[in-house]
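Read the structure below first, then the notes.
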Amino acid sequence: MAIINKGKSFANGEQLTADKLNQVIDNATFTTSAVDNVSTQLAGEAIIVKDGGVTTAKLNNGAVATAKIADSNVTTAKIADSNVTTAKIADANVTFAKLTDVIDDDTMATASDTTLATSESIKAYVDATSTGGFTPSTYAGEESVTLPNGLIMKFGTVTAGINGTLVSFASAFPTAAIWASACPNSPDNLTVSTGYSGKASVDSLSTSGVNVSCNGSAYWQAIGY
11 MAIINKGKSF
21 ANGEQLTADK
31 LNQVIDNATF
41 TTSAVDNVST
51 QLAGEAIIVK
61 DGGVTTAKLN
71 NGAVATAKIA
81 DSNVTTAKIA
91 DSNVTTAKIA
101 DANVTFAKLT
111 DVIDDDTMAT
121 ASDTTLATSE
131 SIKAYVDATS
141 TGGFTPSTYA
151 GEESVTLPNG
161 LIMKFGTVTA
171 GINGTLVSFA
181 SAFPTAAIWA
191 SACPNSPDNL
201 TVSTGYSGKA
211 SVDSLSTSGV
221 NVSCNGSAYW
231 QAIGY
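One rule links them: number in our numbering = place in the sequence shown (from 1) + 10.
The structure is reproduced here in C-alpha coordinates:
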(Lines of atoms letter the chains of each structure in order from A and count residues from 1; the text may use other names and numbers.)
(Lines give C-alpha, C1' and ligand atoms only; values in the text may rest on other atoms or scores of the structure.)
Protein backbone atom coordinates (compact mmCIF):
# COMPACT_ATOMS: atom_id res chain seq x y z
CA MET A 1 0.00 0.00 0.00
CA ALA A 2 1.61 3.22 -1.20
CA ILE A 3 2.16 5.93 1.35
CA ILE A 4 3.44 8.52 -1.17
CA ASN A 5 1.76 9.91 -4.25
CA LYS A 6 4.55 10.32 -6.84
CA GLY A 7 5.01 13.77 -8.26
CA LYS A 8 5.17 12.57 -11.89
CA SER A 9 4.28 9.44 -13.81
CA PHE A 10 6.47 8.10 -16.67
CA ALA A 11 5.34 6.37 -19.85
CA ASN A 12 7.25 3.43 -21.27
CA GLY A 13 10.09 4.64 -23.46
CA GLU A 14 9.83 8.22 -22.15
CA GLN A 15 13.13 10.01 -22.05
CA LEU A 16 14.42 10.65 -18.49
CA THR A 17 15.63 14.17 -17.69
CA ALA A 18 16.81 15.95 -14.56
CA ASP A 19 13.71 18.18 -14.62
CA LYS A 20 11.40 15.18 -14.66
CA LEU A 21 13.26 13.57 -11.76
CA ASN A 22 12.91 16.78 -9.78
CA GLN A 23 9.15 16.72 -10.38
CA VAL A 24 8.94 13.19 -8.95
CA ILE A 25 10.42 14.47 -5.69
CA ASP A 26 9.13 18.04 -5.50
CA ASN A 27 5.52 17.21 -6.34
CA ALA A 28 5.21 14.09 -4.23
CA THR A 29 2.55 14.01 -1.44
CA PHE A 30 1.65 11.65 1.38
CA THR A 31 -1.35 9.36 1.03
CA THR A 32 -3.82 8.61 3.85
CA SER A 33 -2.02 5.32 4.34
CA ALA A 34 0.95 7.27 5.71
CA VAL A 35 -0.92 8.10 8.97
CA ASP A 36 -2.99 6.16 11.49
CA ASN A 37 -5.25 9.08 12.47
CA VAL A 38 -4.65 8.21 16.13
CA SER A 39 -1.13 9.36 16.79
CA THR A 40 -0.60 11.13 13.43
CA GLN A 41 -2.73 12.79 10.77
CA LEU A 42 -2.45 14.70 7.49
CA ALA A 43 -2.57 18.47 7.63
CA GLY A 44 -2.43 19.77 4.08
CA GLU A 45 0.67 18.14 2.60
CA ALA A 46 2.35 17.52 5.96
CA ILE A 47 2.11 14.83 8.64
CA ILE A 48 1.50 16.16 12.15
CA VAL A 49 1.41 14.49 15.55
CA LYS A 50 -2.02 14.26 17.20
CA ASP A 51 -2.59 14.54 20.99
CA GLY A 52 -2.91 10.76 21.07
CA GLY A 53 0.63 10.48 19.85
CA VAL A 54 2.06 12.48 22.75
CA THR A 55 2.38 10.03 25.64
CA THR A 56 4.29 10.29 28.90
CA ALA A 57 6.64 7.54 27.78
CA LYS A 58 7.61 9.55 24.68
CA LEU A 59 8.45 12.76 26.59
CA ASN A 60 11.97 13.30 27.83
CA ASN A 61 11.96 14.52 31.43
CA GLY A 62 14.26 17.35 30.51
CA ALA A 63 11.82 18.54 27.85
CA VAL A 64 8.96 19.11 30.34
CA ALA A 65 9.57 22.60 31.71
CA THR A 66 7.18 24.94 33.52
CA ALA A 67 7.58 27.52 30.78
CA LYS A 68 6.26 25.00 28.21
CA ILE A 69 3.06 24.18 30.11
CA ALA A 70 0.15 26.59 29.68
CA ASP A 71 -1.65 27.47 32.93
CA SER A 72 -4.97 26.61 31.31
CA ASN A 73 -3.77 23.06 30.72
CA VAL A 74 -3.09 22.40 34.39
CA THR A 75 -6.46 21.17 35.65
CA THR A 76 -7.48 19.17 38.70
CA ALA A 77 -8.43 16.23 36.49
CA LYS A 78 -4.86 16.02 35.18
CA ILE A 79 -3.20 15.96 38.60
CA ALA A 80 -3.04 12.61 40.39
CA ASP A 81 -4.03 12.79 44.07
CA SER A 82 -0.81 10.99 45.01
CA ASN A 83 1.21 13.81 43.46
CA VAL A 84 -0.30 16.46 45.71
CA THR A 85 1.92 16.37 48.80
CA THR A 86 2.65 18.97 51.47
CA ALA A 87 6.25 19.23 50.32
CA LYS A 88 5.12 20.28 46.83
CA ILE A 89 2.83 23.09 48.01
CA ALA A 90 4.56 26.40 48.71
CA ASP A 91 3.32 28.23 51.81
CA ALA A 92 2.78 31.34 49.71
CA ASN A 93 0.31 29.43 47.54
CA VAL A 94 -1.94 28.48 50.43
CA THR A 95 -4.28 31.48 50.49
CA PHE A 96 -7.79 31.92 51.90
CA ALA A 97 -9.19 32.28 48.38
CA LYS A 98 -8.05 28.74 47.59
CA LEU A 99 -9.71 27.18 50.63
CA THR A 100 -13.18 25.91 49.77
CA ASP A 101 -14.17 24.49 53.16
CA VAL A 102 -13.52 27.58 55.31
CA ILE A 103 -16.14 30.32 55.41
CA ASP A 104 -15.77 33.98 56.39
CA ASP A 105 -19.41 34.74 57.12
CA ASP A 106 -20.18 37.08 60.02
CA THR A 107 -23.85 35.99 60.01
CA MET A 108 -23.06 32.24 59.82
CA ALA A 109 -25.85 31.92 57.24
CA THR A 110 -23.65 29.70 55.05
CA ALA A 111 -22.40 27.48 57.89
CA SER A 112 -22.68 23.72 57.46
CA ASP A 113 -21.45 20.53 59.11
CA THR A 114 -18.63 20.22 56.55
CA THR A 115 -17.11 23.71 56.80
CA LEU A 116 -14.92 25.62 59.23
CA ALA A 117 -15.21 29.32 60.06
CA THR A 118 -12.59 32.02 60.56
CA SER A 119 -12.00 33.30 64.09
CA GLU A 120 -12.99 36.79 62.93
CA SER A 121 -16.38 35.63 61.68
CA ILE A 122 -17.03 33.63 64.86
CA LYS A 123 -16.25 36.66 67.03
CA ALA A 124 -18.39 38.93 64.85
CA TYR A 125 -21.32 36.51 65.06
CA VAL A 126 -21.07 36.16 68.84
CA ASP A 127 -20.73 39.92 69.31
CA ALA A 128 -23.77 40.56 67.09
CA THR A 129 -26.04 37.96 68.70
CA SER A 130 -24.97 38.30 72.34
CA THR A 131 -27.42 40.00 74.70
CA GLY A 132 -24.58 41.72 76.48
CA GLY A 133 -23.74 38.95 78.90
CA PHE A 134 -21.99 39.20 82.21
CA THR A 135 -18.36 40.25 82.03
CA PRO A 136 -16.86 40.07 85.52
CA SER A 137 -13.80 42.06 84.50
CA THR A 138 -15.99 45.07 83.74
CA TYR A 139 -18.48 44.73 86.60
CA ALA A 140 -18.59 48.02 88.53
CA GLY A 141 -21.06 47.30 91.30
CA GLU A 142 -24.31 47.69 89.40
CA GLU A 143 -27.50 46.35 90.97
CA SER A 144 -28.34 44.29 87.88
CA VAL A 145 -26.42 42.05 85.47
CA THR A 146 -27.67 40.07 82.47
CA LEU A 147 -26.32 36.58 81.85
CA PRO A 148 -25.61 35.28 78.31
CA ASN A 149 -28.82 33.22 78.29
CA GLY A 150 -30.92 36.32 79.02
CA LEU A 151 -31.45 35.65 82.72
CA ILE A 152 -31.16 38.80 84.87
CA MET A 153 -29.70 38.87 88.40
CA LYS A 154 -30.37 41.76 90.81
CA PHE A 155 -28.77 42.09 94.25
CA GLY A 156 -28.00 44.59 96.98
CA THR A 157 -28.30 45.36 100.69
CA VAL A 158 -31.15 46.82 102.72
CA THR A 159 -31.79 47.73 106.34
CA ALA A 160 -35.06 45.98 107.05
CA GLY A 161 -37.40 45.57 109.97
CA ILE A 162 -39.10 42.42 111.18
CA ASN A 163 -42.31 43.53 109.48
CA GLY A 164 -40.55 43.89 106.14
CA THR A 165 -39.09 46.66 104.04
CA LEU A 166 -39.90 47.02 100.34
CA VAL A 167 -36.89 47.03 98.02
CA SER A 168 -37.74 48.79 94.76
CA PHE A 169 -35.50 47.69 91.89
CA ALA A 170 -33.56 50.42 90.11
CA SER A 171 -34.90 48.90 86.86
CA ALA A 172 -37.77 46.43 86.69
CA PHE A 173 -37.51 42.94 85.18
CA PRO A 174 -38.79 43.28 81.57
CA THR A 175 -40.95 40.13 81.67
CA ALA A 176 -41.12 38.32 85.01
CA ALA A 177 -39.47 37.87 88.42
CA ILE A 178 -39.00 34.17 89.25
CA TRP A 179 -37.03 33.90 92.50
CA ALA A 180 -35.66 35.95 95.43
CA SER A 181 -33.83 35.36 98.71
CA ALA A 182 -32.26 37.29 101.59
CA CYS A 183 -29.81 36.69 104.42
CA PRO A 184 -28.50 38.81 107.27
CA ASN A 185 -25.10 40.37 106.69
CA SER A 186 -24.19 40.30 110.42
CA PRO A 187 -24.37 37.63 113.15
CA ASP A 188 -26.24 40.17 115.26
CA ASN A 189 -29.21 39.81 112.93
CA LEU A 190 -29.65 36.05 113.35
CA THR A 191 -32.57 36.55 115.78
CA VAL A 192 -35.26 38.87 114.50
CA SER A 193 -37.28 38.97 117.72
CA THR A 194 -38.31 36.81 120.66
CA GLY A 195 -40.07 33.75 119.29
CA TYR A 196 -38.99 34.47 115.69
CA SER A 197 -36.83 31.63 114.44
CA GLY A 198 -36.02 32.94 110.95
CA LYS A 199 -32.90 34.87 109.99
CA ALA A 200 -34.24 36.84 107.03
CA SER A 201 -37.09 36.34 104.61
CA VAL A 202 -38.62 37.71 101.42
CA ASP A 203 -42.16 37.98 100.11
CA SER A 204 -44.28 39.93 97.67
CA LEU A 205 -41.80 39.45 94.80
CA SER A 206 -42.75 41.31 91.62
CA THR A 207 -41.01 42.63 88.54
CA SER A 208 -40.50 45.97 90.28
CA GLY A 209 -39.42 44.93 93.79
CA VAL A 210 -39.39 42.53 96.74
CA ASN A 211 -40.26 42.79 100.45
CA VAL A 212 -37.36 41.88 102.78
CA SER A 213 -37.82 41.09 106.50
CA CYS A 214 -34.82 41.13 108.85
CA ASN A 215 -33.68 42.59 112.15
CA GLY A 216 -31.25 45.04 110.54
CA SER A 217 -29.05 44.92 107.46
CA ALA A 218 -29.52 42.09 104.95
CA TYR A 219 -28.28 40.97 101.59
CA TRP A 220 -30.97 40.34 98.99
CA GLN A 221 -30.96 38.74 95.56
CA ALA A 222 -33.64 38.39 92.86
CA ILE A 223 -33.64 36.57 89.53
CA GLY A 224 -35.91 37.15 86.54
CA TYR A 225 -35.93 37.94 82.86
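Every residue gets a Cβ at the ideal spot worked out from N, C-alpha and C, and that includes glycine.
{"query": "Could you pull the DSSP bridge partners for residue 229 from this structure?", "result": "167, 193"}
{"query": "Tell whether a beta-carbon distance below 9 Å holds between residue 40 and residue 79.", "result": "no"}
{"query": "Considering residue 120, what are the terminal residues of the alpha helix (DSSP H) in which it resides?", "result": "Where residue 120 is concerned, there is no enclosing alpha helix (DSSP H), given that its DSSP letter is neither H nor E."}
{"query": "Given a cut-off of 9 Å on the beta-carbon distance, is the pair residue 8 and residue 35 in contact?", "result": "This structure leaves residue 8 out entirely; the chain is present only between 11 and 235."}
{"query": "Roughly how many angstroms lie between the CA atoms of residue 175 and residue 223, to the nearest whole one?", "result": "6 Å"}
{"query": "Determine the extent of the alpha helix (DSSP H) in which residue 35 is found, giving its start and end residues.", "result": "28-36"}
{"query": "Kindly list the residues whose CB is nearer than 7 Å to the CB of residue 45, restricted to its own chain and excluding five residues on each side of it in sequence; keep chain order.", "result": "51, 52, 57"}
{"query": "Tell me the rounded alpha-carbon separation between residue 188 and residue 172.", "result": "23 Å"}
{"query": "As a quick exercise: from 163, 134, 108, pick the residue whose alpha carbon is nearest that of residue 217.", "result": "163"}
{"query": "Helix, strand or coil for residue 131? Go by DSSP, reduced to three states.", "result": "helix"}
{"query": "By a C-beta neighbour count over all protein chains shown, 10 Å radius and 16 as the cutoff for buried, is residue 90 buried or exposed?", "result": "exposed"}
{"query": "Please return the same chain residues whose Cβ sits closer than 8 Å to the Cβ of residue 47, not counting the five positions on each side in sequence.", "result": "60"}
{"query": "Relative to the ligand GTP, is the shortest distance from any of its heavy atoms to the C-beta of residue 20 smaller than 8 Å?", "result": "Judged by which ligands are present, the structure shown has none, so any question about the ligand GTP falls away."}
{"query": "Quick one: Cα of residue 170 to Cα of residue 137, how far?", "result": "41 Å"}
{"query": "For the beta strand (DSSP E) holding residue 172, just list the boundary residues, first then last.", "result": "Run containing residue 172: none; DSSP gives neither H nor E here."}
{"query": "Using 10 angstroms around the beta-carbon of residue 212, count the other beta-carbons present and answer buried if the total reaches 16, otherwise exposed.", "result": "buried"}
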